[in-house]
Amino acid sequence: MNDSPSPASLRIDAPDAAAIEEFRESILAKLVYQVGGRPERASPRDWFIATALAARDHIVDDWRRTNDQTRAEDRKGVCYLSMEFLIGRLLTDALGNLGLTETARQALAGLGVDLDAVAGQEADAALGNGGLGRLAACFMESMASIGVPAYGYGIRYENGLFRQIIAGGLQHEVPEDWLALGNPWEFERSSLVYEIRFGGHVRSEVSVDGSTRMVWHAGEIVNALAYDTPVVGWRGKRINTLRLWSARATDPLHLSEFNRGDHVGAQAARMRAEAISRVLYPGDETEAGQELRLRQEYFFASASLQDIIRRHLSRHAGLGNLADRVAVQLNDTHPAIGVAELMRLLMDVHGMDWDAAWAVTQATFSYTNHTLLPEALETWPVPMMERLLPRHMQIIYLINARHLDTARARGAGDALLSSVSLIDERHGRRVRMGHLAFVGSHRINGVSALHSQLMRDTVFADLNQVCGDRITNKTNGITFRRWLHRANPGLTHLLTDTIGPELLDDPERLEHLVPLAEDAGFRQRFAAQRRAAKERLTGVIATRIGLKVDPDALFDVQIKRIHEYKRQLLNVVQTVALYNAMRARPTGHWIPRVKIFAGKAAPSYHQAKLIIRLTNDVAATINEDPTLRGTLKVAFLPNYNVSLAEMIIPAADLSEQISTAGLEASGTGNMKLALNGALTIGTLDGANVEIDERVGRDNIFIFGLTAAEVAERKRAGFDARLAVAASPELRGALDAIASGVFSPGEPDRYRGLVESLLHDDRYLVTADFDAYHARQRDVATCWSKPESWWRSAVLNTAHVSWFSSDRTIRDYAEDIWKVTPR
Ligand code: 26W
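Numbering (my numbering), first residue to last: 1 to 822.
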């Protein structure tokens with residue numbers, strides 16, 4: 001937490017002396033009156049809180065103005081429902097977007113305090129696992145920046161994603177505690193509380209007007225309490241709201257029990273209720289399969305929809321026009337229970353009939369799918385749903401009955417009916433949440449062109465046929481404010497000095513760099529910025545893992561969640577093959593290379609944890625081998641998070657995007673790295689395909705089987721042993737790993753890993769090895785010709801403006817949400 005992120009900020013804001021003085025006074029006042037500190041004794045943490053509170057004062061008025069204006073104009077808004085928001089730090093983001101970075105820097109300097117050190121004190125808000133959560137954070141920033149009125153709705157987890165500690169090469173998980181020292185950005189809204197009900201039973205009851213209604217008599221009630229965080233758009237254009245729900249017991253203390261002396265039992269209900277927002281599920285792409293997870297999903301979906309309805313009814317007489325005023329985006333299936341919940345609210349609470357409610361529901365929701373991996377498609381056991389959400393289960397059955405009737409009317413036979421049914425009858429009866437989200441939405445989107453096509457061709461083919469083509473593509477994007485301007489101010493300065501400050505508002509200007517790729521002087525300045533970032537990362541590597549690396553070496557980077565389909569193992573095996581080759585020819589011409597890895601494994605994902613251990617074991621052996629004379633180093637940087645990504649990305653020369661084709665829905669790290677001028681080595685998977693189209697084949701290292709070839713290999717039955725037999729280098733690497741070269745104290749440690757690869761290579765590591773190894777040799781050749789390397793690097797930055805999340809959001813706004821940014 002103490003690393004100062006990056007040097008000089010963007011000097012787009014030329015502050016005047018009065019503004020600096022005013023900000024300085026404000027920081028001092030916050031320090032004294034709110035933090036309760038004294039300037040001469042304040043800790044860096046105290047300064048952080050004081051600075052954040054001072055910055056916050058610049059936000060609040062505009063926040064209210066934005067909200068009032070949107071309400072006055074009755075503009076349609078977006079509600080982004082997401083179980084995860086992987087935000088990272090907010091101080092530099094807020095200051096940057098407000099144009100106050102220099103003001104704050106100089107105000108603090110006047111107090112003898114360094115802004116970068118202060119910013120480094122902020123805990124990362126790690127309310128997400130990986131790509132899906134970070135995408136939600138980029139989208140929130142973009143919506144505020146381009147002027148889309150929006151609320152992000154999620155859960156205020158007390159503990160975000162675990163902190164990863166590496167000890168003896170193994171991952172250990174430690175609870176993360178981002179709120180421990182206070183969160184200056186959030187506002188508790190004590191008047192915004194909704195009741196969330198669970199369990200009990202449903203009865204049909206006759207109301208006074210003679211009509212029958214289904215009445216849900218809940219067994220348990222939990223309160224949802226809102227916490228709001230402002231989301232500041234670029235140049236303070238709009239300030240949207242991230243509204244996160246915290247669970248509170250309705251009756252926190254059973255006083256009678258307490259007075260009887262049962263001090264623990266008296267608080268049991270409270271513990272049970274508040275467990276809902278205690279901790280983020282660290283599972284990534286594996287079905288959590290836990291009742292608590294379903295409770296979390298319903299809790300935040302219900303609170304958000306109740307809030308949306310309350311806000312709508314504060315301005316409109318009824319709910320018939322809900323979909324004209326609000327678009328609700330389901331970020332994967334995690335909030336999909338919202339489809340049944342909105343139906344329940346419209347019918348049971350607001351008296352709408354089924355057809356009207358269904359029309360409103362479908363027109364309101366749209367759903368984004370983020371993965372086709374079968375193990376990640378959520379399903380819930382019917383008995384659990386019946387117990388926890390009995391009314392919702394009834395509604396789901398009714399939705400299903402009508403949906404199957406429609407399918408039948410369109411001529412569907414039994415096979416098709418069972419494939420499109422919301423209930424999976426094959427292994428115990430389970431509710432398919434992806435199907436529920438699909439039928440309850442008017443638009444369903446994938447996150448890259450390839451992924452959307454695979455949705456149409458595979459997992460959702462039958463549904464899409466039965467429901468009429470509702471699938472559309474919205475290729476992911478990233479916010480350039482965080483991932484270029486803030487993470488890499490040195491490069492950004494070079495770019496704005498060269499192609500003009502308009503770049504900050506118009507990423508398409510990056511194309512103006514194209515001719516500069518031919519300019520040796522510019523290439524040199526571009527390379528110098530990389531060199532400076534690598535120098536800084538070298539320091540981080542030294543302090544964090546005690547490894548000395550050469551900043552002139554090629555920095556070869558794979559940073560993302562550890563998962564078999566992402567194939568960190570392919571990278572490690574190739575590293576071993578390279579090591580073997582270097583040892584066989586120590587005097588050969590080897591380019592100096594640092595292999596950098598970072599990423600977390602789900603705590604229960606044993607194979608992924610074993611891959612982390614192998615990476616660390618390989619690193620330990622290679623880093624200590626004197627025959628290499630330092631030409632190859634391997635670094636596994638612990639506790640990958642947004643802040644660490646911000647330090648690694650500007651320093652990366654090579655971006656590893658090597659997933660088995662067809663399995664990475666999009667990827668967004670690939671975009672961040674290319675934007676900062678790293679060259680990609682990758683498969684034709686996810687958004688790599690679209691990066692390849694834009695940067696051109698001369699400026700990217702593509703290898704391996706295509707998605708279609710992968711499918712074909714799997715159909716034909718792929719034998720890894722044949723691939724290994726045909727590749728001496730692969731065999732040598734696997735033999736070394738299996739025989740304990742990297743685990744001499746326990747030679748059999750990786751025997752099982754290698755054997756399972758030979759027996760069932762589900763991710764086709766061995767099939768792609770030779771192509772990958774060869775492409776890595778091309779990388780080395782290119783690196784040894786700096787002119788061509790840096791030409792390609794410049795062209796990567798030049799050609800990826802399309803991956804701005806502003807573009808993605810404009811696409812959603814126009815095609816799915818029907819809202820006009822302004
Ligand atoms: C139920 C457990 C669970 C948890 C998370 C299942 C699935 C997920 C997510 C779908 C995992 C995820 O983050 N997917 C990633 O989403 C990114 C944003 O669209 C894509 O860029 C990545 O390719 C995709 O893996």
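Just so it is clear, CB atoms sit at the ideal spot from N, CA and C, and this is done for glycine as well.
Determine the direct distance from the alpha carbon of residue j to that of residue i, and round the result to whole angstroms.
{"i": "E40", "j": "A813", "result": "50 angstroms"}
{"i": "S4", "j": "V689", "result": "In this predicted model, S4 has a pLDDT of only 40, less than 50, meaning its place in the structure is not dependable; the value taken from the coordinates is given anyway. Distance between the alpha carbons of S4 and V689: 35 angstroms."}
{"i": "A8", "j": "G490", "result": "With a pLDDT of only 40 at A8, under the threshold of 50, the placement of this residue in the model should not be trusted; the figure read from the coordinates follows. Approximately 7 angstroms between the Cα atoms of the pair."}
{"i": "D348", "j": "N67", "result": "30 angstroms"}
{"i": "D74", "j": "R325", "result": "8 angstroms"}
{"i": "N580", "j": "G732", "result": "8 angstroms"}
{"i": "M1", "j": "R561", "result": "Because the pLDDT of M1 is 38, which lies under 50, any placement of that residue in the model is unreliable, and the number read from its coordinates should be weighed accordingly. Approximately 20 angstroms between the Cα atoms of the pair."}
{"i": "Q329", "j": "E141", "result": "16 angstroms"}
{"i": "W783", "j": "R791", "result": "11 angstroms"}
{"i": "G588", "j": "M582", "result": "7 angstroms"}
{"i": "F162", "j": "V174", "result": "6 angstroms"}
{"i": "S6", "j": "R530", "result": "Any answer about S6 is weak, because its pLDDT of 38 lies below 50 and its placement is not dependable; what the coordinates show is given next. If I take the Cα positions, the gap works out to 13 angstroms."}
{"i": "F438", "j": "I396", "result": "13 angstroms"}
{"i": "K566", "j": "V193", "result": "41 angstroms"}
{"i": "N183", "j": "D760", "result": "48 angstroms"}
{"i": "Q164", "j": "D405", "result": "50 angstroms"}
{"i": "R822", "j": "V794", "result": "32 angstroms"}
{"i": "E712", "j": "N676", "result": "35 angstroms"}
{"i": "K848", "j": "A652", "result": "There is simply no residue 848 to check, as the chain begins at 1 and stops at 822 in what is shown."}
{"i": "R810", "j": "A798", "result": "21 angstroms"}
{"i": "G630", "j": "L578", "result": "14 angstroms"}
{"i": "R11", "j": "F299", "result": "Confidence at R11 is low in this model, with a pLDDT of 44, below 50, so the placement of that residue is unreliable and no value is reported for it."}
{"i": "A14", "j": "A72", "result": "34 angstroms"}
{"i": "A356", "j": "G320", "result": "7 angstroms"}
{"i": "V540", "j": "G667", "result": "25 angstroms"}
{"i": "E285", "j": "E646", "result": "24 angstroms"}
For residue i, which beta-bridge partners are listed by DSSP?
{"i": "W185", "result": "Beta-bridge pairing links W185 to no other residue."}
{"i": "S804", "result": "I478"}
{"i": "T229", "result": "L242"}
{"i": "G830", "result": "The structure shown does not extend to residue 830, since the chain spans only 1 to 822, so no value can be given for it."}
{"i": "T680", "result": "S655"}
{"i": "F597", "result": "Q558, F636"}
Could you tell me the boundaries of the beta strand (DSSP E) in which residue i lies?
{"i": "F438", "result": "Counting along the chain, F438 falls outside any beta strand (DSSP E), though it belongs to the alpha helix (DSSP H) covering 433-439."}
{"i": "H172", "result": "170-174"}
{"i": "T51", "result": "Taken as a continuous stretch (DSSP letters only), T51 belongs to no beta strand (DSSP E), being part of the alpha helix (DSSP H) at 44-73."}
{"i": "H217", "result": "212-217"}
{"i": "W380", "result": "379-381"}
{"i": "A125", "result": "125-127"}
{"i": "D348", "result": "It is not in any beta strand (DSSP E) - D348 carries neither H nor E in the DSSP assignment."}
{"i": "V557", "result": "554-559"}
{"i": "A635", "result": "632-637"}
{"i": "S366", "result": "365-368"}
Do residue j and residue i come within 8 angstroms of each other at the CB atom, strictly closer than that value?
{"i": "R238", "j": "G96", "result": "no"}
{"i": "V466", "j": "I423", "result": "no"}
{"i": "S691", "j": "R775", "result": "Looking at the sequence itself, residue 691 is Ile, so the reference to Ser does not match. Result no, Cβ atoms of I691 and R775 do not sit closer than 8 angstroms."}
{"i": "Q362", "j": "S421", "result": "no"}
{"i": "L398", "j": "R408", "result": "no"}
{"i": "P230", "j": "A487", "result": "no"}
{"i": "R613", "j": "D556", "result": "no"}
Nearest by alpha-carbon distance to residue i: which of the options is it?
{"i": "Q69", "options": "A94, N240, V174, F187", "result": "N240"}
{"i": "L484", "options": "K474, A678, F460", "result": "A678"}
{"i": "H201", "options": "A598, V60, L757, W216", "result": "W216"}
{"i": "A42", "options": "V118, I700, A94, G130", "result": "V118"}
{"i": "K672", "options": "P728, F480, P747", "result": "F480"}
{"i": "D685", "options": "R694, G704, T543, M143", "result": "G704"}
{"i": "Y281", "options": "R593, E84, R470, A767", "result": "E84"}
{"i": "R278", "options": "F139, E176, L313, G99", "result": "E176"}
{"i": "I622", "options": "M647, K595, Q607, K600", "result": "K595"}
{"i": "M271", "options": "H254, Y605, A725, S804", "result": "H254"}
What residue range is occupied by the uninterrupted alpha helix (DSSP H) comprising residue i?
{"i": "Q306", "result": "291-313"}
{"i": "A528", "result": "520-545"}
{"i": "G88", "result": "From DSSP, G88 is part of no alpha helix (DSSP H) but of the beta strand (DSSP E) over 85-88."}
{"i": "A693", "result": "Per the sequence presented here, residue 693 reads as Glu, with Ala not at that position. Counting along the chain, the alpha helix (DSSP H) containing E693 begins and ends at 688-695."}
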